[in-house]
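Worksheet for the structure shown next.
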Amino acid sequence: MASASSQPQFRYTQPPSKVLHLRNLPWECTEEELIELGKPFGKVVNTKCNVGANHNQAFIEFADLNQAIAMISYYASSSEPAQVRGKTVYLQYSNRQEIVNNKTTADVAGNVLLVTIEGQDARLVSIDVLHLVFSAFGFVHKITTFEKTAGFQALVQFSDAETATSAKNALDGRIIPRYLLSENIAPCTLRITYSAHTDLSVKFQSHRSRDYTNPYLPVAPSAIDGSSQFSLGLDGKKLEPESNVLLASIENMQYAVTLDVLQMVFSAFGHVQKIAMFDKNGGVQALIQYPDVRTAVVAKEALEGHCIYDGGFCKLHISYSRHTDLSIKVNNDRSRDYTIPNPTMVNSQPVQTMGPAAHQYNGTQYAPGLEQPMMPPQPSAGWASAVPAPPQSMPVQMTNHHPYMPPAPMPQMTPGMMQMQGQSGVSPPAGIVPPYRPSQM
DNA sequence: AGCACA
1 MASASSQPQF
11 RYTQPPSKVL
21 HLRNLPWECT
31 EEELIELGKP
41 FGKVVNTKCN
51 VGANHNQAFI
61 EFADLNQAIA
71 MISYYASSSE
81 PAQVRGKTVY
91 LQYSNRQEIV
101 NNKTTADVAG
111 NVLLVTIEGQ
121 DARLVSIDVL
131 HLVFSAFGFV
141 HKITTFEKTA
151 GFQALVQFSD
161 AETATSAKNA
171 LDGRIIPRYL
181 LSENIAPCTL
191 RITYSAHTDL
201 SVKFQSHRSR
211 DYTNPYLPVA
221 PSAIDGSSQF
231 SLGLDGKKLE
241 PESNVLLASI
251 ENMQYAVTLD
261 VLQMVFSAFG
271 HVQKIAMFDK
281 NGGVQALIQY
291 PDVRTAVVAK
301 EALEGHCIYD
311 GGFCKLHISY
321 SRHTDLSIKV
331 NNDRSRDYTI
341 PNPTMVNSQP
351 VQTMGPAAHQ
361 YNGTQYAPGL
371 EQPMMPPQPS
381 AGWASAVPAP
391 PQSMPVQMTN
401 HHPYMPPAPM
411 PQMTPGMMQM
421 QGQSGVSPPA
431 GIVPPYRPSQ
441 M
């Protein structure tokens, strides 16, 4: 075979092509100038400017081969050379048959977004914070995070391109709301393009990747034993490995926090299997067990630092427990196993009460049964404004729609609650326990 | 003046 490809390409024996290769162009030649040059000979359907080491080459692609031939033929016999800005340009058939535009993927709308987190502390942004941010626009199927030369990046998968587009339009160029991050970390700006991916492959739930459509996906070993990689917390400290069991300590407990109150608060994020309360360091702590890590992660994100009651009372501090399955010996006012049939329980309506009620959040077009209780139903309200929504806006749903919104003071009151208040000698203002409302101090 | 690097 004659090896045409091994020959120098600047013989004038290029086979015809719809694509012409132009050289000796002036610096920064524009697409418009190329179209002007080719227009007399046919329809220019594509161009590529600023090619080559000196950016002085370009391609133009005609709709039809004959148009390209016409242009080459014309200038082959013309006394006037082809010119751009008075500079002679040289034409020949390209050795390719079409222009491939490499700026496609980032411009074609898809259901997966490529998110670059910019900022000094970008790496400290947890996948859970990203999940919260993007869940405001619809159900987030999957998230993966990774390091590239571009920095800390994430792929965020939505159901469809429309949802992804609404998130992209609202978030691109914006900062992650301050109230989602601890105070001492630098602002993080989101840069968002479309990804060419349509379905991410997530093998494990881990600190780097999540599949929110599959709660039974195994948790990565590295996320369980914590021996290999800790994820960095928002404050830059090491995080304990995620767990399905949360350890909650209650600060400034002016009002009694009973087992039932805890069960209500934590049930907003999923089924609470077991709770155990105990005294430690002069305060009250509780272990709350969920069926899966994912639910616990969401609950922790949502509740950490928030107060059960208005006024900074009963502030929750939540960490992951090393337990995975609590051993509840007896059901009483300090410990309870909600997974076993409980005809003998004193207050035996809790879980069933919460189930349906917990799903009454309006605007919940997210997948049923998944844990989005705290996503703003009207994301545009929070994101369209230049100023990030105030802290209260994120959990505001819990204020408005949380099942524990008593029409009358102190509903679901338990004997234990009464007693503890009596013992403590602290009377709530006006004798009323404020409604449960997570709020930051 | 001589073929694109996503």
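According to full-length UniProt numbering, the first sequence holds residues 1 to 441 in order.
Every residue gets a Cβ at the ideal spot worked out from N, C-alpha and C, and that includes glycine.
- Annotation: the continuous beta strand (DSSP E) that includes Tyr320 extends over 313-320.
- Distance from the CA atom of Leu259 to the CA atom of Val108, rounded to whole angstroms, is 51 Å.
- Going by beta carbons, Ser243 and Val293 fall inside the 8 Å limit.
- Counting along the chain, no beta strand (DSSP E) covers Asp260; the unbroken alpha helix (DSSP H) around it starts and ends at 259-267.
- Asn169: member of the alpha helix (DSSP H) spanning 161-171, first to last residue.
- DSSP places His21 within a strand segment (E or B) once states are collapsed to three.
- Close CB contacts of Val129 within its chain, under the 6 Å cut and outside five residues either way in sequence, are with Leu180 (chain order).
- Gly38 carries a helical assignment under DSSP once its states are collapsed to helix, strand and coil.
- Contact between Lys18 and Gln97 holds: their C-beta atoms lie close to 7 Å from each other, under 8 Å.
- Within the same chain, Gln157, Phe158, Ser159, Asp160, Ala161, Thr163, Ala164, Thr198 come within 8 Å of Asn111 by CB-CB distance, once the 5 residues on both sides are set aside.
- With respect to the 8 Å criterion, Gly42 and Ala58 are not classified as neighbours on the basis of their beta carbons.
- Of the candidates Gln205, Ser182, Thr47, Ser182 places its Cα closest to the Cα of Leu124.
- Each of Ala220, Asn252, Leu287, Phe266 was checked against the Cα of Glu301, and the nearest Cα belongs to Phe266.
- Secondary structure note for Ile69: its alpha helix (DSSP H) is the uninterrupted segment 65-77.
- For Ser335, the enclosing beta strand (DSSP E) stretches over residues 335-337.
- Around Ile35, the same chain offers Val44, Thr47, Ile60 as residues with beta carbons nearer than 8 Å, after the five sequence neighbours per side are excluded.
- Following the DSSP letters along the chain, one finds Lys148 inside the beta strand (DSSP E) bounded by residues 140-148.
- The alpha-carbon of Ala68 is positioned some 19 Å away from that of Thr30.
- Here DSSP, grouped into helix, strand and coil, assigns Asp292 to coil.
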